[in-house]
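Residue numbers (full-length UniProt numbering): 1 to 342. Beta carbons are placed, not taken as given, at the ideal position from N, Cα and C, and that holds for glycine. This one's a predicted model, so the numbers in the text were calculated from it and none came from an experiment. One structure is given below, encoded as structure tokens.
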Ligand SMILES: O=C(O)CCC(=O)C(=O)O
Ligand SMILES: [Fe+2]
């Protein structure tokens, strides 16, 4: 049985227009170098900072993560060239033409905020692990495993974004390890279930938005992400806003050399609301184009979320959710957001 889904997106203040723009010094930045070092004390210290940020804010940035800068630069260059193409060209790889939920999402192609009837004013490419068409899990009916629906233009898009995706998987494994420490779990709790993870990458473009925008039609409407956590790279142009657990919208400043990381629904389910899935949205009022690379990290498709993590429930604090699976929850939420009929 699936968990109730409406619990995740609805938050007090979700349509509030007041936003506080944060200074870079106000952002919790975790030094990820600690997780690559053999020093246990350093790792524990960084994990404690990560835990505090998750409880108080629902997001953090990571620095010293060792992600190759050239991979980001190449991905950014290729995505700019793709989104500059005529719309007819981009429509040739529309996501609704892919059996695996991969491809181009045009303007008004999704409705991320399920509580409104609007459509989102942004474009994206949905991609994931580029698996063959005879992948055994795909043959069993798991549509999230399978081939990407690559654009043919620009010709290096596939290399540039495929490499970004693969490198992010490596980073994601380290973030899983950091969460194991932050939640006091046995080593391998997440990483041993991260051998064929459901991970999606959204390659996003947000044209500038008018000041008198309608809250139902913004870059991406307020929502929570469905997986365990999400990494966000943004091109120096602000627009991403996070709703903190105490109900304040915060505009996140891009900080060169970092990724923002926010929590997703599965983390909320598993931690029984200790780590809440962070509601967020994008409104690009900068006057210039905003681009972002947003990668979602679940665990393997069939991993069961059938109870709270150790230490996250007890007398007076029962588990609030129903059992689900990683793939089951993501499938249900994607069906509500994207324009699949029937
Ligand atoms: O573009 C961003 O910064 C965030 C996009 C987002 O929230 C999403 O694609 O789920
Ligand atoms: Fe999101």
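- By the Cβ test, the stretch 255-263 is in contact with the stretch 231-241, since at least three Cβ pairs between them sit closer than 8 Å.
- With respect to the C-alpha of residue 82, the residue from 123, 340 and 224 having the closest C-alpha is 123.
- Contact between residue 203 and residue 267 does not hold, since the beta-carbon distance rounds to 23 Å and is not under 8 Å.
- In the displayed model, residue 136 falls within a helix according to three-state DSSP.
- Taken from the Cβ of residue 230, at least one heavy atom of ligand 2 lies inside 7 Å.
- With a 10 Å radius around the Cβ and a threshold of 16 neighbouring Cβ atoms, residue 305 comes out buried.
- Between the beta-carbon of residue 284 and that of residue 209 there is about 5 Å, and that keeps the pair under the 8 Å contact cut.
- Residue 226 is classed as buried because its beta carbon has at least 16 other beta carbons within 10 Å across all chains shown.
- With a minimum length of 4 residues, the unbroken runs of alpha helix (DSSP H) contained wholly in the UniProt domain "Fe2OG dioxygenase" (196-299) fall at 265-271.
- Within the same chain, 58, 59, 242, 262 and 263 come within 6 Å of residue 278 by CB-CB distance, once the 5 residues on both sides are set aside.
- Beta-bridge partners of residue 63 (DSSP): 31.
- Taking all protein chains shown into account, residue 212 has fewer than 16 neighbouring C-beta atoms within 10 Å of its C-beta and is therefore exposed.
- Proximity to residue 131 across 143, 66, 79 and 125 peaks at 143, based on C-alpha coordinates.
- About 6 Å separates the beta carbons of residue 75 and residue 293, which is inside the 8 Å limit, making them a contact pair.
- By the criterion of a C-beta distance shorter than 6 Å, residue 156 is surrounded in its chain by 78, once the five residues flanking it on both sides are discounted.
- Taking the C-beta atoms as reference points, residue 27 is found no nearer than 8 Å to residue 249.
- 8 Å or more divides the Cβ of residue 195 from the Cβ of residue 317.
- The stretch 61-117 is shown to contain whole alpha helix (DSSP H) runs of 4 or more residues at 69-83 and 87-90, in chain order.
- Apart from the 5 residues on each side of it in sequence, residue 24 sits with its Cβ closer than 8 Å to the Cβ of 253 and 255 in its chain, given in chain order.
- Contact between the stretch 94-107 and the stretch 174-181 is absent, with fewer than three C-beta pairs closer than 8 Å.
- Proximity to residue 314 across 118, 271 and 137 peaks at 271, based on C-alpha coordinates.
- The Cβ atoms of residue 63 and residue 31 lie closer than 8 Å to each other.
- Under the DSSP assignment, residue 331 falls in the alpha helix (DSSP H) whose first and last residues are 326-337.
- Taken through DSSP and simplified to helix, strand or coil, residue 172 comes out as helix.
- Secondary-structure assignment with DSSP links residue 130 through a beta bridge to 146.
- A residue is listed when its beta-carbon falls short of 6 Å from at least one non-hydrogen atom of ligand 1; in chain order these are 202, 204, 220, 225, 232, 234, 240, 280, 282, 292 and 294.
- For the 8 Å CB-CB criterion, residue 281 and residue 216 do not form a contact.
- With a threshold of 7 Å, the Cβ atom of residue 223 counts as near ligand 2, since some heavy atom of the ligand is closer than that.
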